[in-house]
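Take a look at the structure below.
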Amino acid sequence: MTEAEMKPPPQMRRPGLGKAGRPMELLCNHFMVNYNGSQDVYHYDVSISYAHSTSNDNDAIANKTLCRAIMSKLYEIYGSSTFKGKKFAYDGEKCLFLPGPLELQRQEFDVILDESAINRSNVGGDDLSKRRKLLSRSRDFKVKLEYAAKVRMGAIGEMLSGQISDRAQDALRVLDIVLKQHAAAKGYLLLKDSYFSPLFGLADIGEGVQTCRGYHVSFRPSLSGLSLNLDIATTTVIKDCNVLDFIKDRFQPPNPHSIDWDKVKRVLKGIKVQTPHNKMVHRIVGFSEASSAEQKFIKKKADESGQVVETEMTIKDYYAVHHSIDLRFPGLPCIAAGRIKRPTYIPVELCEILPGQRYTKSLSSVQRQKMIDQARQGPEERRGVVQKAMDVSDYSSTELIRDFNIKIDTKMRKIPGRLLDTPTLIFGGSMTDMPRGGRWNMNNKSLAQAVDVSSWAVLNFDGRLQPPAVERIAKDLFRVCTTKGMKMVPPSVIYSEPRNNQRLPYAERVQLVIREVQSQLKQAPVFILCILPERKTSGLYGPLKKLLETKMSVITQCIAPPKLLKDQYLTNVALKINVKVGGYNSFLALEKNGNLPKISRVPTVIFGMDVSHGPPGFSDSPSIAAVVASREWPYFSRYSVRVRAQSRKVEMLAGLYEEAGSGGMIVELLLDFYNSCKAPPGSDRRPKQIIIFRDGVSESQFEQVLREEYLAFKKAFKRIDKSGDYDPKITLIVVQKRHHTRFFPPNGNVQPGTIVDASLCHPRDYDFYLCAHAGLIGTTRPTHYHVLVDENNFTVDELQQLTHALCYTYARSTTAVSAVTPIAYAHLAATHVRNFLDSEGGSETSSMTGRSERSTPINLPELHPHMRTKMFYC
């Protein structure tokens with residue numbers, strides 16, 4: 001078969017339900033929906049423009065808040081006549097839905113809004129006089145409605161019965177928009193399938209940012225019928241306060257005149273502010289280069305004869321003369337609002353940030369931790385909050401929802417679940433242990449396969465540590481590592497960075513120290529222990545990892561040791577070192593004994609694939625594609641890795657298959673597998689079975705994954721064997737962690753090993769939820785697995801138990817992980833190599849100084865060839 005003839009398979013149907021494990025009953029945050037879909041919904045296209053547009057105006061209005069206000073006014077005027085009392089659902093853009101037809105095919109309406117609605121929606125302008133003219137003009141709007149289509153809502157019922165229905169997603173989208181309309185009518189902040197309001201709770205996380213509580217709502221098809229998923233949601237909003245107060249809180253300058261206005265612009269650009277003296281709303285586009293006392297403009301005013309007199313004056317004088325306002329900080333710049341080329345200048349001290357505006361910039365580590373702490377809720381509390389949200393939702397009494405014949409039960413769904421058996425682990429000396437509660441410890445245990453360390457070094461970058469303290473850390477680590485079975489010599493070199501170096505750039509500091517250590521070492525080190533003053537937030541981390549992993553092929557283990565150094569901490573460090581340099585910390589008993597279903601019998605490789613996207617606000621930060629693949633079959637605990645940079649925010653993996661060069665990441669990883677495979681002599685070491693776990697794609701992208709990524713594997717097989725005889729069977733599973741389904745047992749969190757594949761899951765597609773890890777804090781989030789292809793013909797129980805077992809092979813810790821280990825490793829690898837970019841100017845610091853304005857993304861430095869088979873990212 002030629003590449004042109006290759007076609008992806010259709011997404012597979014559910015082959016049945018699992019039976020393994022102990023049955024249980026759970027509550028979940030889904031509510032049954034009674035909707036028969038017998039009534040079609042009518043779709044109308046909406047076009048909104050200014051009534052008196054000029055050639056300089058963009059006719060179409062894109063502001064969703066303004067559009068919703070206009071459509072609300074339209075219904076207020078024409079609701080009883082044109083709409084015959086029918087309530088509509090509007091998406092804020094171009095789509096309007098009604099439970100019955102209007103007596104029109106195409107019609108234009110005039111709508112007039114009062115000035116308060118215009119101000120709230122922030123219609124832009126030039127200077128103050130022009131802005132008022134625009135406001136008087138922009139009160140008048142034209143709304144065009146045109147019949148588009150009839151949405152067959154019966155498609156939902158077809159999907160629920162297990163049929164393939166191309167129109168079902170369109171019908172579900174209508175129901176979601178109905179709930180959005182319901183939330184919009186209450187004045188909530190809308191964001192995708194969630195809505196937020198200060199009424200639900202605000203909490204300060206520092207630096208001028210607050211968390212705003214809200215709720216996620218979406219309709220989901222299931223084996224038992226349609227249900228509404230309702231969950232807690234949290235977003236970040238900028239604090240409503242004076243702009244100068246925000247700047248002080250966010251940047252903490254010693255005094256107002258030491259503010260870095262370039263940094264301020266990057267944070268506040270696009271934010272809406274209000275001037276209290278006239279209640280006008282403006283959107284920030286920048287800041288003036290001159291201060292209020294120096295920034296001048298031409299003031300035009302007609303004299304008694306009607307002649308226009310132009311007067312040049314400063315912003316400071318204008319506010320003193322025309323508004324009787326004496327500025328406290330005339331030496332500060334002005335806010336530039338409106339249009340970039342002809343902005344309106346307003347003194348920064350007179351601007352108040354409007355409430356309810358999302359903060360979309362990257363959060364600091366302190367802010368992120370505070371947000372996590374505030375959003376964290378135990379299962380009992382979360383269940384109560386969700387139930388209360390449903391009780392006060394007004395879904396049952398709202399005319400709009402009744403008009404669309406939607407009836408939502410107010411009690412959480414009860415669903416069946418099962419508790420899978422915990423896999424047994426094997427450690428050194430053939431010692432076995434069955435973890436309890438998804439956790440185990442290394443007390444009185446040794447590593448399953450410990451490495452020999454013939455040379456290692458210690459680098460200390462923490463100027464607070466004196467030489468005796470550094471030597472004690474090295475001595476204690478040596479003791480713990482040898483206790484766990486590693487054959488290890490004392491460190492060959494212990495070197496502390498000279499204090500004079502600490503004033504140099506990070507990259508230069510790293511180069512100087514490594515050069516000095518190299519001169520003292522008599523043989524290449526197996527690894528280097530690096531003591532940093534702080535964890536990965538240290539500016540040394542990126543340059544250090546980049547130099548040693550791209551140029552020198554040296555494993556490093558970075559630590560920022562606590563004041564009280566316990567053996568438990570050092571044991572965790574030893575686990576990371578051992579796996580990085582080629583050892584095994586533990587085995588699954590089924591893996592060690594060759595009893596894993598199907599995959600222990602014939603050579604099998606397991607892939608983990610993920611794409612990591614850069615933080616918001618960094619236009620030069622590419623997405624990182626990472627692919628890991630198991631090696632040393634018949635074991636499945638060590639993984640090779642390949643990483644590629646690709647276009648920002650592109651979710652499909654680039655570089656899986658390439659015509660030129662090595663053939664792409666898949667071919668390279670299959671060759672790694674072949675070279676490491678421990679199959680019997682004389683047998684074919686090429687994998688006959690391939691299992692792919694793919695993270696980070698939504699249901700709407702499943703077809704694209706099959707079309708692009710599944711076929712990339714098929715092309716790679718053909719590249720390896722051009723005869724076409726090599727065609728291993730593929731099992732492809734998508735892993736979703738970002739969803740809003742939660743389970744609630746009678747007490748506490750769900751137990752590790754809890755699996756759900758009946759009642760709640762898709763009526764046709766093959767999916768299941770698995771909670772493999774222990775939820776010690778907050779409410780456990782299950783991982784949602786979607787099996788798109790299974791050419792290996794696993795039974796349902798075999799595939800679910802294998803997925804569960806793989807969550808116990810994560811080498812960095814003594815706990816089961818929430819998603820299968822290959823996915824965790826792919827994510828670690830992608831995040832790890834992003835540090836290489838930070839050391840080249842992709843960090844927050846660089847973006848604030850203007851380097852994030854590059855038109856082309858930063859190239860990703862290539863790993864040293866010897867690092868690609870090492871688990872350096874652990």
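When you number the sequence shown by full-length UniProt numbering, it's gap-free, plus one each residue, and the end is 874.
Note that CB positions come from ideal geometry on N, CA and C, so glycine has one too.
field: Minimum length 3: unbroken beta strand (DSSP E) runs contained in the stretch 473 to 537
entry: 493 to 496, 527 to 531
- prompt: When the Cα of L477 is compared with those of P256, P435, I559, M280, which residue comes out closest?
  reply: I559
query: Should I232 be counted as a contact of the ligand HEM given a C-beta to heavy atom distance under 8 Å?
result: The ligand content of the structure shown is nil, which means the ligand HEM is not present either.
- prompt: For M412 versus V386, is the C-beta distance shorter than 9 Å?
  reply: yes
field: N- and C-terminal bounds of the alpha helix (DSSP H) containing Q369
entry: 365 to 375
field: Cβ contact (3+ pairs, closer than 8 Å) linking the stretch 811 to 818 and the stretch 594 to 612
entry: no
message: Nearest by alpha-carbon distance to V789: which of E709, L400, I298 is it?
response: E709
Candidates R834, I730, V833, Q736, of which the one nearest F794 by Cα: I730
query: I think R638 touches S630, with their Cβ atoms under 8 Å apart; what is that distance to the nearest whole Å?
result: 7 Å
C-alpha gap between residue 879 and S454, whole angstroms: This structure gives no information on residue 879, because the portion of the chain shown stretches from 1 to 874.
- prompt: Can you list, in chain order, the residues of its chain whose CB lies under 6 Å from that of R132, leaving out five sequence neighbours each side?
  reply: Residue placement at R132 cannot be trusted, given a pLDDT of 46 that sits under 50; what the coordinates show is reported in the next sentence. Here the set comprises nothing.
field: Close beta carbons around K522, own chain, < 8 Å, minus the five adjacent residues each side
entry: S455, S492
- prompt: CB-CB under 8 Å to K73, same chain, minus the five flanking residues each way: which ones, in chain order?
  reply: V111, I112, L113, A117
Pick from A203, R339, K296, D176 that is closest to G270, judged by C-alpha positions: For G270, the closest of A203, R339, K296, D176 by C-alpha to C-alpha distance is R339.
task: Return the Cβ separation of H827 and S612 in integer angstroms, given the expectation that the two are a contact with Cβ distance under 8 Å.
output: At roughly 7 Å, the Cβ-Cβ gap stays under 8 Å, so H827 and S612 are in contact.
field: Contact belief for H864 with S553 at Cβ below 8 Å, rounded distance in angstroms
entry: So it is a contact: roughly 4 Å between Cβ atoms.
field: Candidates Y318, P347, Q377, of which the one nearest S288 by Cα
entry: P347
- prompt: So does the stretch 278 to 288 actually touch the stretch 325 to 341, counting three or more Cβ pairs closer than 8 Å?
  reply: yes
message: I need the straight-line Cα distance from L190 to D176, nearest angstrom please.
response: Near 12 Å, if we compare the C-alpha coordinates of D176 and L190.
field: Local conformation of C558 per DSSP, three classes
entry: strand
Three or more C-beta pairs below 8 Å linking the stretch 409 to 429 and the stretch 181 to 199: no
query: By how many angstroms is the C-alpha of K301 removed from the C-alpha of V307?
result: The amino acid at residue 307 is misidentified as Val; the sequence shows Gln. If you take the alpha carbons of Q307 and K301, they lie about 8 Å apart.
message: Let me check one thing: in DSSP terms, what residues is H30 bridge-paired to?
response: N229
- request: Put W456 into one of helix, strand or coil per three-state DSSP.
  value: strand
- prompt: Any idea what DSSP makes of Q169, helix, strand or coil?
  reply: It is helical.
- request: Might you give, ordered along the chain, the residues of its own chain that have their beta carbon closer than 7 Å to the beta carbon of Y810, omitting 5 neighbours on each side?
  value: V817, T821, A824
query: Skipping 5 residues on each side, what residues in its chain have a beta carbon closer than 6 Å to that of V217?
result: Here the set comprises L179, L230.
message: Does N443 come out as helix, strand or coil in the three-state DSSP assignment?
response: coil
- prompt: Whose C-alpha, out of H182, C874, H804, F31, is nearest the C-alpha of L419?
  reply: H804
- prompt: Anyone know if the C-beta pair for residue 882 and G463 falls short of 9 Å?
  reply: As displayed, the chain neither begins before 1 nor continues past 874, which places residue 882 out of reach and without an answer.
Close-in-space but distant-in-sequence residues of the same chain around G417 (CB under 6 Å, 5 per side omitted): M24, L26, T754, V756
query: Start and end of the alpha helix (DSSP H) containing S676?
result: 665 to 676
task: Would you tell me roughly how many angstroms separate the C-alpha atoms of V605 and Y674, rounded to the nearest one?
output: 10 Å
field: Spatial distance of V650 from G614 (CA atoms)
entry: 11 Å
task: Take S362 as the anchor and find which of V267, E294, T831, S80 has the nearest alpha-carbon.
output: V267
- request: With a floor of 3 residues, list each beta strand (DSSP E) that falls wholly inside the stretch 588 to 666, ordered by position along the chain.
  value: Segments of the beta strand (DSSP E) lying fully in the stretch 588 to 666: 604 to 612, 623 to 630, 639 to 646.
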